[in-house]
Amino acid sequence: MNFNSLSYLVFLTVGVTVCYLLPRRARNGWLLVASYFFYMCWNPKYALLMLFSTAVTFCCGLLTGRRVWGKKKLWLVVSLLLNLSILFFFKYFNFASGLLAPLFAGKAVTLNVLLPVGISFYIFQALGYTIDVYRGAAPETNFFDYALFVSFFPQLVAGPIERSGNMLKQIKADRPFRAENLRDGFLPVLWGLMKKMVIADNVALIVNTVYGAPREHTAAELALATVGFAVQIYCDFSAYTDIARGSAKMLGFSLMENFRRPYAAVSVRDFWRRWHISLSSWFRDYLYIPLGGSHVSKWRRILNLLIVFTISGLWHGAALTFVVWGLLNGVYQAVSLLVDPLRKKWYALLRLKETARLSRACKTLVTFLLINFAWVLFRADTMGDAAFIFRSLFTLRGLSVNIAGLGVSLPTLILLMLCAAALWFADRAIIDKDLARRVNHTLVPRYAIYFLLIALILLFGSYGDGFDPQDFVYFQF
Amino acid sequence: MSRKKQTILYVLIVLNVLFIWCNSMLPAETSNAISDPIISRLDRAISEKEEPVVEAQTKPSETEPPKTTESEKQETENPVQKEKKHETVSLFFFKIRTHRFVRKSAHILEYILLGLWCALLLLRDGIRPARYKFLALTGLFVPLIDETIQFWSGRTSLVGDIWLDLLSFSVGVFVVTAGSYLSNRKNRKHTEKKPGRRPYEFSLKKELAAGVCLLAALVLLCGAALPVLTPKRHDYGSVWGMYEKEPKNSVDVLVLGSSLAYCDIVPAVLYEKTGLTSFVMAGPEQTFPVTYRYLKQALKTQSPRFVMVEATGLLFGKTNRSVKVNLTYMPYNLDRLSATMTETAGSERAGLLFPMYAYHDRWDELTAEDLRKGVLGYDTDPMAGYTFLDEITVIDGFSPRDLPDEPDTYLENLSFVEKIRDLCAEKGIRLYFFLSPYASRPEDGDRAKIMKDVTDRGIMFKDFNGSFDSFGFDLKTDFYDPAHLNYRGAVKFTEYLADRLKANITPSGKADAALWKKRVSRFSELRAAADAAPPRYKQTTDNNG
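Structural data, given as structure tokens:
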């Protein structure tokens, strides 16, 4: 059940309506049932896996909190081992087997298992809880509340990866029906649907066409597709988050922010503070800081960065391209750290202000280019394809663009460019000027925006005859 | 604004005006030489584009020959040699030649910039309404001089261009005005206290009212967009848009059925021979449940005295790929809805219930014709439902036609035959079922079964395959494919029918004589052109409904 399907809209409507019709005590139970139903729509069997992970982390949380057998660490390790084993088995076994194959006479043992949707998300959320308890947070004693925390359907399959402190508190709280919640949640849902169906899915046509056969395209087309992918993945993933946050808001929950105009970042480090914030902060809190964080020597810090970003790459997918993508992001930051004094001297020498508008614009542009460069690895099907694309881009292999070969028409391309430009300004208004809240406190402008968004979806959205709703890109992780 | 900035603006304005006027002074050849490199680059880029794939739904039958649009027909009929052929840039509904596109874009940009400079200068200390008259005068004066110079230098000078230039100039002025307004507002916000505008307080009543307005606006949007977005249909059946433009109650004979009806019966010939007005309201591979709904709908605007139904459809399967196209063009009513619910499923049904689902993605291929017909509607059908086919398949013998064996569907179809019979009886219409003459035909047993089942229900029936030799068909020239006649065969078959109809029915005299005269001459023109041209042989032979 995709967020951009009619069935989800029906599901959400029923889910919200029944939730508020039920007595308050029964609401969490209903949400738990709805969440498991939502997950089982993909593969009913894998709900058991989620239940297992939930049970393990719940029990380990209790045992850790109560220091059973006097050992906190033991239960943390048990929880980590069991959950990471599940993750390894379903997500990384084939990858590791392929890597290790040369050691075993080239024979790779592979498992024929489907990757459970959202496994990385809910396991990380559950592990975050276990670590929080290990660090002293009070363990959750109500299994059903905890199960809802792990499986809450709006953020179950692609985040945001919530913290137990934020979510469990809201689960326990009284959430009376407030029409304002419906209003506040509706706008993000529509906005997300527009970004997904109008921009992301249409840009995906270009990206899939070019990246599907990179050798048949010129450097200019590859560059266009790469920038297109940057737009696609942002619109796709942020759309999911918007719909998730909107859906949760309708049910009375506030989920954490996951994006803050990432392409306006002035450095790669800044980008990671704005992109997939819930995951970046997870890695920061549960991996980077325990490794020593920034309070260590420069070289150790660089090593920490490389470790964190390589693991972040691996989290995204079991393929070398993802690992190298993560590593590259780590390298960017390591290099930035190393050249930082030089850069400061350079600015002082030229009497430039780092905060000047032009300087910021240049930094944003350079950061955008670096991030795009890394996206090549993220999107390419194989390392060979990625290498070919890099070679093409650096040797400028062909500068012509054949629009017919991009998989979209010229008007669609123009529309997408206009949409991307409009999105830049809209995001600025939403993030920096709190536009959503201001719009929600009006009547006519709000309904005018509803109309505009629905009209855009109806006229330009990807749906209809022969259209298979595209999965959100981050579902695969 | 500092003096330095004002000076810069004065210089920019003078340079901009000089640039525009100097360009106009250039002779056409020199001007072409400047713009040609850009135009030819654009031409090359566009010519690399492949033709878009035609949507499958617009091809109701595999037997259809490639359609020719009106503009293409005009081009082939009246070939105009141009000095230099340029590609066209497609901008939504409009196709613009690249040379015009490049020149106009440059010109528009020049005037937008001029508007910007002038407005920046004149509105430097805020919006002053009195200064707009100067702006208006400049916006009119510069293009006027520009066109005058062009006129003197022997180039084409158009009044329309003055308006376009003025409009472009106004865009520049508007941008500065809007910017100035917003900046003033922002400054006011910082300096003044906000007047006490009450924030909106949530009210369920207001929300409901706004929700209803939103729904109404969306319905209006879909209602306006759908006629434009739906592919336009002029031939190959299902020509409802044109049928509804037929003068009310002017049709004497209504013909229903599959492609065997709209390919084989020529209303213009029937009129010429008998004075009877007829309309072929058929559809590709039309199934009987749809035929019944077609009849019901058709009788809402016409009161024919004779209804002819091509009966091969009795042997068609329950569903086929043409059900959608047959229903898409039907007016919205309960009959269409019931046929949609019973005859379609899945995405076809979704597309028929909510046509935006099926056609919204056509927005980037819309043509001026889509816009015109979408807004103004269809005109009357110049062929009255007939589809002109001129390609030839040489027939070297009769062959059995492969039709699905679905006894339950056949029985269901018979129930619709009864409904058609009852409807005609209720309206006092004479009903006549027939099987068209074809070379690829259902088994003798099946045809005999149809004859028996139809006549048993008290309906007149004729299998024209029994009198195949009476039509004088030339098997080398008269068939479009083994199942369908081309115009040569259709004329012979229609003339044969005309003789029989003349004996049974007299014209009601309600015909729009001018319209029918136009139809007769249109068909004669097409026929004469096809007769004069070398015979066109069809590459593949297949048979369909």
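Just so you know, the protein sequences line up as chains A and B, in that order.
Quick note: the first sequence uses this note's numbering, first residue 876, plus one each step.
Quick note: the second sequence uses this note's numbering, first residue 1020, plus one each step.
Virtual Cβ for every residue (Gly too), placed ideally from N, Cα, C.
Rounded to a whole number of angstroms, what is the C-alpha to C-alpha distance between A:N1179 and A:G1167? 8 angstroms
So what does DSSP say about B:K1529, is it helix, strand or coil? For B:K1529, the three-state secondary structure derived from DSSP is coil.
Taking contact to mean 3 or more Cβ pairs, one atom from each stretch, closer than 8 angstroms, check whether the segment 1138-1147 of chain A and the segment 1066-1078 of chain A are in contact. no
Examine chain B for any beta-carbon lying closer than 8 angstroms to the beta-carbon of A:P1286, and answer yes or no. Using a CB distance cut-off of 8 angstroms, A:P1286 counts as an interface residue toward chain B.
B:M1479 (DSSP reduced to helix, strand or coil): strand
Indicate the three-state DSSP secondary structure (helix, strand or coil) for A:L1130 in the structure shown. coil
Segment limits, beta strand (DSSP E) that includes B:Y1451: Taken as a continuous stretch (DSSP letters only), the beta strand (DSSP E) holding B:Y1451 covers 1449-1454.
What is the C-beta distance between A:S1153 and A:G1060, in whole angstroms, given that I count them as a contact (C-beta under 8 angstroms)? Their Cβ separation, rounded to whole angstroms, is 19 angstroms, which puts A:S1153 and A:G1060 out of contact at 8 angstroms.
Which partner residues does B:M1327 have in the DSSP bridge list? B:V1274, B:Y1451
Would A:Y1338 count as contacting chain B if we go by Cβ distances under 8 angstroms? yes
Give a yes or no on whether the minimum CB-CB distance between B:C1232 and chain A is below 8 angstroms. By this cut-off, B:C1232 is an interface position.
C-beta atoms of B:D1571 and B:K1315 nearer than 8 angstroms: Residue 1571 of chain B falls outside the range modelled here, since chain B spans only 1020 to 1564, and no answer is possible.
With C-beta atoms as the reference, is B:A1197 less than 8 angstroms away from A:L1334? no
In the DSSP assignment, what are the bridge partners of B:I1411? B:Y1556
Note down the Cα distance separating A:L1189 from A:F1263, rounded to an integer number of angstroms. Spanning the two alpha carbons is a distance of roughly 22 angstroms.
Spell out the partners DSSP gives B:P1419 in its beta bridges. B:R1460
Can you list, in chain order, the residues of its chain with a C-beta nearer than 6 angstroms to that of A:V1283? Leave out the 5 residues immediately preceding and following it. L1080, I1081
In whole angstroms, what is the alpha-carbon distance linking B:K1078 and A:A1098? Residue placement at B:K1078 cannot be trusted, given a pLDDT of 35 that sits under 50; what the coordinates show is reported in the next sentence. Their Cα atoms are separated by approximately 37 angstroms.
Cβ neighbour criterion (16 or more within 10 Å) applied to B:S1277: Residue environment: B:S1277 is assigned as buried (16 or more neighbouring CB atoms within 10 Å of its CB, all protein chains considered).
Going by beta carbon distance, what residues of the same chain come within less than 6 angstroms of A:I1118, once the five residues before and after it are set aside? When the five nearest sequence neighbours on each side are left out, the beta carbons in the same chain lying within less than 6 angstroms of the beta carbon of A:I1118 are those of F878, V1064, G1067, in order along the chain.
Straight-line gap, A:I1305 to A:F1253 (C-alpha atoms, nearest Å): 28 angstroms
Paired residues, beta bridge with A:V1025 - DSSP: BP columns for A:V1025 are empty, so no partner.
Name the residues in the segment 1347-1362 of chain B whose C-beta lies less than 8 angstroms from a C-beta of chain A; which are they? none
Output the boundary residues of the beta strand (DSSP E) element that contains B:S1297. 1297-1299
Could you list which residues in chain B have their beta carbon closer than 9 angstroms to that of A:E1055, in chain order? F1221
Output the distance between the C-alpha atoms of B:D1550 and B:T1249, rounded to the nearest integer angstrom. 34 angstroms
Taking three-plus beta-carbon pairs below 8 angstroms as touching, is the segment 991-1001 of chain A in contact with the segment 1083-1101 of chain A? no
Using 8 angstroms as the Cβ pair cut-off and three pairs as the minimum, do the segment 1232-1246 of chain B and the segment 1287-1304 of chain B touch? no
Under 7 angstroms by beta carbon: chain B residues contacting A:T1317: Y1219
Any C-beta of chain B under 8 angstroms from that of A:Y1322: Interface residue, yes.
Interface flag, B:V1073 vs chain A, CB-CB below 8 angstroms: The predicted position of B:V1073 is uncertain, since its pLDDT is 33 and thus under 50; no value can be drawn from it.
I'd like to check one pair, A:T1287 with B:D1383: are the Cβ atoms closer than 8 angstroms? yes
Cβ distance (whole Å) where B:C1232 is taken to contact A:Y1322 below 8 angstroms: 7 angstroms
Can you find the residues in the same chain that come closer than 6 angstroms, C-beta to C-beta, to A:L937, ignoring five residues on each side of it along the sequence? P1014
In or out: A:D1302 buried (at least 16 other Cβ within 10 Å) or exposed? buried
Please give me, in chain order, every unbroken run of the alpha helix (DSSP H) with length at least 4 that falls completely inside the segment 1207-1236 of chain A. none
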